[in-house]
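Only one structure is covered here, and it is reproduced in the block below.
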Amino acid sequence: MLWFQGSIPEAIVASRNRKCMFVVVVTAEDEDSRNLLTRLEDEEVSKLFNSCVSISLKNGTSEANQFSQLYPLVILPAIYMIGLQGSPLEVIGGLVDIPTLLSRAQLALEVHDKQQNVNQTLQLAENGGSPEMTLQSPEASQSDEPCKSEMENSDVVPDDLPLEARLERADQLLALVREKKKEEEREKEKTKERERRELGKQLQQLKEMQRERELREQAESRQKEKREEKEALEKIRQQILQDRADRAARYQAAQISEEERRRTAQSAQEQLQQERASAARSAFARLQFRLPDGSTRTDQFSSDAKLSAVIEFIDREIQPSFRPYTISTTFPRRQFDESHMQQTLRELDLSPSAALLIIPATGSKPKASTSVSTSLFSSLFARVFLLWNWIWGFFSNPTPRVTHDVPAAQQQPSNLGVRRRRPESNIHRLADASPDDSSDDNGTWNGNSTQQL
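Numbers 1 to 453, taken from the UniProt record's numbering, label the letters of the sequence shown in order.
Shown next, in the form of structure tokens:
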């Protein structure tokens, strides 16, 4: 299709000079506009519009805005077919098929040709030209059949007629022209009415299309909202299931941990009970005595013997070189004091075997007077040697010296609570190193649980 490349005023001037129809195509940036431009490039359509001055405008441009001030743009894309008088002969709104486009464009061209013939006849009549020239117009003969038959009977006015007859004949012809013009005006009004109705129908269709599109968009929006709500609910449901699974896993792990802890505690309790039962079944307690100088001695006592009998044995047989002293176990760490003297070895968990440390009490002094440096060296060496003998004792398993294979009650029939006194002194000190004991550090014990100041 041939498009005019100039501006709108230049296109209007070219249309008037060529006395052809002015065609304006207004498009937008949508699919319908592109399809309309494609259909205008059809061979039949291009051939029909090549006799017109055609111009294409983009909606939103300055030229399109100027054109919309004179011709309202209701539906896009739109095709305006404008006559020489500036009135629209045909308006096509929206996308139409090629047959419809051809038929409506042909109708507009026929209306344009009729208007052009009428204008030429009026111009000739006003200029005093020969009315006989207008009688041969084929368009006039097609528009009015009665006038055609009449004019055919008088195509040529004889020259021998008087002037008055010729003037009368000219008046008749002018009357016919005026009547034809009135008929054209009526046809024009009918065309405008049809255009108005067509435009109303198109507007109604556009409103229905818009309403359908809005309803469709609303339905799609509701479906989208329902789908999103369903997805959100499904997500929440999955999160709840995941939380339940996590809680179940944590609860199961806690149950397993609690069961393992309970089993461990039960095993330890059973082991302790077994040890206590073994100790209860054991009639003898084998005690290993360890001195600070590293020397050890192992003896066997009755499990029912009291701790006071062990103290008497230490004073009588081992005879440590320091006074006072304390006895304690290594593991678990436990130090015995005066309150444990009347308890049996079984009650003190020293049966069937145990290791007792004999260490000087706080503030004790050895019998032999030595220098400070010698005392420090001896103390350090004794502790190291004590640790070495303790480790070696577990692997060497020495044969114990059994000095007491009968209960202590048989050895001391007269008095169980009185220890054997040595000739040089009858006063001994048993210190209590527990942190919560507020007893006097200077208290002494003489074997029968009396305090000496």
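For every residue, glycine included, the Cβ atom is placed at its ideal position computed from N, Cα and C.
With respect to I92, L102 sits apart: the two C-beta atoms are not nearer than 9 Å.
The residue among V13, G6, E110, P320 with its C-alpha nearest the C-alpha of E184 is E110. DSSP places I311 in the helix class (H, G or I) of the three-state scheme. Between the segment 340-351 and the segment 301-318 there are three or more inter-stretch CB-CB distances shorter than 8 Å, so the stretches are counted as touching.
The beta carbons of V45 and I98 sit closer together than 9 Å. Here I55 is buried, its C-beta having at least 16 other C-beta atoms within 10 Å. When the five nearest sequence neighbours on each side are left out, the beta carbons in the same chain lying within less than 8 Å of the beta carbon of E41 are those of M1, in order along the chain.
Of the residues assessed, M209 falls on the exposed side of the cut-off, its CB having fewer than 16 other CB atoms within 10 angstroms. With contacts defined by Cβ atoms closer than 9 Å, S302 and F284 form a contacting pair. T329 and A355 do touch by the CB rule: their CB atoms are close to 7 Å apart, below 8 Å.
Only residues of its own chain outside the window of five on either side were considered, and among them F22, P88 have a CB closer than 6 Å to the CB of I82, listed in chain order. Nearest to K58 by alpha-carbon distance, out of S51, N50, F67, is F67.
For the pair P352 and S267, the CB atoms are not nearer than the 9 Å cut-off.
With respect to the C-alpha of S33, the residue from A78, R237, R323, N17 having the closest C-alpha is A78.
The beta strand (DSSP E) runs lying completely inside the segment 33-85 and spanning 3 residues or more are 53-58, 78-82, given in chain order. Collapsing the DSSP output to three states places G94 in coil. Distances from the alpha-carbon of L357 to those of A165, T296, Q238 put T296 closest. Cβ-Cβ distances below 7 Å link A64 to V26, L57, K58 in the same chain, with the five nearest sequence neighbours on each side left out; the list follows chain order. Apart from sequence neighbours up to five positions away, the residues of its chain that approach R39 with a beta-carbon distance below 7 Å are V45, I98, L101, ordered along the chain.
DSSP places D113 in the helix class (H, G or I) of the three-state scheme. Membership of I8 in any beta strand (DSSP E) is not indicated; the residue belongs instead to the alpha helix (DSSP H) covering 8-18.
No residue range can be given for T344, since it is assigned to no beta strand (DSSP E) and is classified by DSSP as neither H nor E. By DSSP's assignment, K207 forms no beta bridge with any residue. With fewer than 16 other Cβ atoms inside 10 Å of its own Cβ, S339 counts as exposed. The shortest C-alpha to C-alpha distance from F49 to any of A105, Q288, N35 is the one to A105. Within the DSSP secondary-structure output, L380 pairs in no beta bridge. L233 carries a helical assignment under DSSP once its states are collapsed to helix, strand and coil. For the 9 Å CB-CB criterion, T326 and D337 form a contact. Taking C-alpha positions only, E193 is separated from E229 by approximately 53 Å. Non-local beta-carbon contacts of V74 in its own chain, meaning distances under 8 Å to residues more than five positions away in sequence, involve G93, L199, Q202, L203, L206 in chain order. Across the structure, C20 and K188 are spaced so that their CA atoms are roughly 18 Å apart. Here S7 is not near V53, since their CB atoms are 9 Å or more apart. Closest in C-alpha terms to Q85, from the list L95, D113, G60, E217, comes D113. Distances from the CA of N35 to each of R333, Q69, L76 were compared; the closest alpha carbon is that of L76. Residue range 284-290 is occupied by the beta strand (DSSP E) that includes A285.
Counting only the Cα atoms, Q288 lies some 15 Å from E312.
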